[in-house]
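Trainee:
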Amino acid sequence: MTTRDDDMLAGAVDRTAETIREYVRQIESGEYGDEWTITDEFGNQATVTASSESDALDMVYDTPEYLSLIHGDADSWDVERVEADEPTVNETPIYEYPLEIVDRRGSAFAVVLGIGGPHIEVTANGWESARLEGYWGGSRVTRYGDYLSTFLDYFIDRDDSEV
1 MTTRDDDMLA
11 GAVDRTAETI
21 REYVRQIESG
31 EYGDEWTITD
41 EFGNQATVTA
51 SSESDALDMV
61 YDTPEYLSLI
71 HGDADSWDVE
81 RVEADEPTVN
91 ETPIYEYPLE
101 IVDRRGSAFA
111 VVLGIGGPHI
121 EVTANGWESA
131 RLEGYWGGSR
141 VTRYGDYLST
151 FLDYFIDRDD
161 SEV
């Protein structure tokens, strides 16, 4: 593979890691959803996707198309999270995100997130730390972090499983 292809694979894995981090942030906080509705004192509204209230306000304040909808002083705006029933990122509930969940005896645990070009999954053997792996052609990219174990454990109860 070329350097360009390697960079594309690394970029895809890094974007997936950011999405997983947002799911994990929601799992750990118990606050589900990444959409926020901002209402001005006149009742005008804008809905934005952001990970926090301050990020939502910044997005509205820094984006001309949103500022054309919302008027007045930002201190008077009402900001509310659009609650979801489960962790949700970019309108995708967590259970719709994986393509496959592998939880069977004799296999590594895996939450498969993409196949083809590239193949991306969160995987772990037994109780080892989970890792995010991307494969494309002969290239491979691996990322590590505690958030990956939280994500994997959301789908697979490794306490009751044997590898």
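According to full-length UniProt numbering, the sequence shown is numbered sequentially starting from 1. We put the CB at the ideal spot given by N, CA and C, even for glycine. The model shown is predicted, which means the values in this text are computed figures rather than measured ones.
Tell me which same chain residues have a C-beta within less than 6 Å of the C-beta of Q26, skipping the five on either side of it?
Mentor: As a position in the sequence shown, residue 26 is number 26, starting the count at 1. Hits under 6 Å: Y32, P87.
Trainee: Assuming G116 is part of the alpha helix (DSSP H), what are its boundary residues?
Mentor: Position 116 of the sequence shown, counting from 1, holds the residue named residue 116. Where G116 is concerned, there is no enclosing alpha helix (DSSP H), given that its DSSP letter is neither H nor E.
Trainee: Contact between the region 98-114 and the region 40-50: three or more CB pairs below 8 Å?
Mentor: No, they do not touch.
Trainee: Which residue from Y154, Y147, H119, L152 puts its Cα closest to that of V13?
Mentor: One-based indexing of the sequence shown puts residue 13 at position 13. Selected option, being the one with the closest Cα: H119.
Trainee: Assign S149 to one of two classes, buried (16 or more other C-beta atoms within 10 Å of its C-beta) or exposed (fewer than that).
Mentor: Stepping through the sequence shown from its first residue, residue 149 is reached at position 149. Looking at its Cβ environment, which holds 16 or more other Cβ atoms inside 10 Å, S149 is buried.
Trainee: Give the single residue among A74, L67, E22 whose Cα lies nearest to the Cα of residue 164.
Mentor: Absent from the structure is residue 164, since the part of the chain shown begins at 1 and ends at 163.
Trainee: Ignoring anything shorter than 3 residues, give me the beta strand (DSSP E) runs that lie fully in the region 45-77, in order along the chain.
Mentor: Listed in chain order, the complete beta strand (DSSP E) runs (minimum 3 residues) inside the region 45-77 are 45-49.
Trainee: Quick check on the burial criterion: 16 or more other C-beta atoms within 10 angstroms. Buried or exposed for Y144?
Mentor: The sequence position of residue 144 within the sequence shown is 144, counting from 1. Classification of Y144: exposed, given that the 10 Å Cβ count is below 16.
Trainee: Taking only the alpha-carbon atoms, compute the straight-line gap between H71 and T63 and give it to the nearest angstrom.
Mentor: Translated into positions along the sequence shown, residue 71 becomes position 71. Translated into positions along the sequence shown, residue 63 becomes position 63. Cα to Cα, H71 sits roughly 13 Å from T63.
Trainee: Return helix, strand or coil for E31, following the three-state DSSP convention.
Mentor: Within the sequence shown, residue 31 is the residue found at index 31, counting from 1. The answer is coil: DSSP assigns E31 none of H, G, I, E or B.
Trainee: Looking only at its own chain, which residues have a Cβ that is under 7 Å from the Cβ of S129, when we skip the five neighbours before and after it?
Mentor: Counting from one through the sequence shown, the residue named residue 129 turns up at place 129. Cβ neighbours of S129 beyond the five flanking positions: Y144, S149.
Trainee: Under the DSSP definition of a beta bridge, which residues are partnered with R81?
Mentor: As a working mapping, residue 81 is identified with position 81 in the sequence shown. Answer is W36, bridged to R81.
Trainee: What is the rounded straight-line gap between the Cα of E162 and the Cα of L132?
Mentor: Locating residue 162 in the sequence shown gives position 162, where the first residue counts as 1. Locating residue 132 in the sequence shown gives position 132, where the first residue counts as 1. Unreliable positioning characterises E162 in this predicted model, as indicated by a pLDDT of 46, which lies under 50. A coordinate reading is not provided.
Trainee: Give me the residue from V79, V24, E65 with the minimum Cα distance to E41.
Mentor: Here residue 41 is taken as the residue at index 41 of the sequence shown, counted from 1. Among V79, V24, E65, the Cα nearest to that of E41 is on V79.
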